[in-house]
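Okay, structure first, notes after.
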Ligand SMILES: C[S@@+](CC[C@H](N)C(=O)[O-])C[C@H]1O[C@@H](n2cnc3c(N)ncnc32)[C@H](O)[C@@H]1O
C-alpha cells in the first residue's frame, strides 16, 4: 500500500499531525517529524525479531497461547480487539489460530494492512490466517462472518505506569506518542464477552487492576505480564 491508497480524509489528517506516512521500498513507514533521527515505524511480519519470535513459538512456551486456550481449542478463530503492531496476533496465527485484527488508530491500521499485504508474498499460508477485521468490531451492529472463539484484549497501559516507564524501546516511544492511553479500555470487556464463544483474554501489567473491575476466571502469569482469562460460559454476571 502506498500513501496514495490511504483514503483522502486520512491522508489529510496525517499531513496535519506530527506524523507522516511514507511509502518506502520496504513498505509503508510512519515518520515522527519531531524526531528526524528516529527510525520510522514499520510493521514487518516477514523479517526481524518479531517474525523470528513467532516462527519459533510453541504453545507450551508462550503464555499468551496457553491463556487463549490453544492447547484445548483446535485452531481457534480469535479476534485481536486491540491489534496495535500485530505482534501478539502474529504469534497466535503462527501457532495455528486464525486471527482477525481490530485497530481503530488510522495510521496503525494502515501500517497493519500494508504488512498483511507483504505477508501474502513471503508466507501465503500464514497470510490466510491473519486478516484485518476492521476498526470498530465492538460496535453493536458488528456481525462477524464466523464466530470468534476467543477475544484477546491488550489496551494501552495508563501513562506513568511503572512498566511503561521502566523499559520503553525506541520504536515503542513513537507508538505510545501516536496512540496515547486507551482511557476507555474498561468499556471493552462487556462487548468482548458478548462476542467470544469460549473466552476473553486480557493482557495486563502484573500490578494493574482487573479490566472493568471484573475478576477473571483464572490467570496465567508470565515474566513480564499477566493474562486474565474470562471463560464466557462460566463468567458470573457483575
Ligand atoms: C498496547 S497496543 C496493542 C499491542 C498489540 N497487542 C501488539 O502485540 O502489538 C493497544 C492498541 O489497541 C488499540 N485500541 C484500543 N482500544 C481500541 C478499540 N476500542 N478498538 C480498536 N482498537 C483499539 C490502540 O489504538 C492500540 O493500537
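In the working numbering, the protein residues as written are 12 to 249. Beta carbons: idealized from backbone N, C-alpha and C, even for Gly.
Let me check you understand the geometry: is the CB of residue 230 closer than 7 Å to at least one non-hydrogen atom of ligand 1?
No; taking the cut-off as 7 Å, the Cβ of residue 230 has no heavy atom of ligand 1 nearer than that.
In whole angstroms, what is the alpha-carbon distance linking residue 181 and residue 189?
The straight-line gap from Cα to Cα measures roughly 13 Å.
Residue 90 beta carbon less than 8 Å from that of residue 144
Yes, the Cβ-Cβ distance between residue 144 and residue 90 is below 8 Å.
Give, in chain order, every unbroken run of the beta strand (DSSP E) that is at least 3 residues long and sits entirely within the segment 91–172.
If we require 3 residues or more, the beta strand (DSSP E) runs fully inside the segment 91–172 come out as 109–113, 141–145 and 159–164.
Just to confirm my understanding: we take residue 223, look at its own chain, exclude 5 residues before and 5 after, and list those with CB closer than 6 Å. What are they?
When the five nearest sequence neighbours on each side are left out, the beta carbons in the same chain lying within less than 6 Å of the beta carbon of residue 223 are those of 197 and 200, in order along the chain.
List the endpoints of the continuous alpha helix (DSSP H) containing residue 188.
If you look at residue 188, you'll find it in the alpha helix (DSSP H) that goes 181–190.
For residue 239, which of helix, strand or coil comes out of DSSP?
Residue state for residue 239 is assigned as strand, using DSSP reduced to three classes.
Can you give the Cα-Cα distance for residue 120 and residue 51, rounded to whole angstroms?
Spanning the alpha carbons of residue 120 and residue 51 requires a straight line of approximately 16 Å.
Looking only at its own chain, which residues have a Cβ that is under 6 Å from the Cβ of residue 212, when we skip the five neighbours before and after it?
Correct list, in chain order: 78, 79, 163, 238 and 240.
Beta carbon of residue 152: closer than 7 Å to some heavy atom of ligand 1?
Flag unset: Cβ of residue 152 not near ligand 1.
How is the beta strand (DSSP E) around residue 76 delimited, first residue to last?
No beta strand (DSSP E) holds residue 76; the alpha helix (DSSP H) holding it covers 74–78.
What number of angstroms, rounded off, separates the C-alpha of residue 228 from the C-alpha of residue 221?
Cα-Cα distance, rounded: 11 Å.
Residue 223 beta carbon near ligand 1 (any heavy atom closer than 7 Å)
No, the Cβ of residue 223 stays beyond 7 Å of every heavy atom of ligand 1.
Buried or exposed, going by whether 16 or more other CB atoms sit within 10 Å of the CB of residue 95?
Looking at its Cβ environment, which holds 16 or more other Cβ atoms inside 10 Å, residue 95 is buried.
So, residue 112 versus residue 159, is the Cβ gap smaller than 8 Å?
Going by C-beta atoms, residue 112 is not nearer than 8 Å to residue 159.
Three-way DSSP call (helix, strand, coil) for residue 207 in this model:
DSSP places residue 207 in strand when its eight states are reduced to three.
Rounded separation between residue 47 and residue 69 - CA only:
Their Cα atoms are separated by approximately 38 Å.
For residue 117, verify whether its CB is less than 7 Å away from any heavy atom of ligand 1.
Checking the Cβ of residue 117 against ligand 1 gives no.
For residue 5, the three-state DSSP class (helix, strand or coil):
The question about residue 5 has no answer here: the residues shown for the chain are numbered 12 through 249.
Between the Cα of residue 193 and those of 115, 110 and 84, spot the shortest distance and give me the residue it belongs to.
Among 115, 110 and 84, the Cα nearest to that of residue 193 belongs to 115.
Outcome for residue 250 when other beta-carbon atoms lying within 10 angstroms are tallied against a minimum of 16
A query on residue 250 cannot be resolved here, the shown segment of the chain reaching from 12 to 249 and no further.
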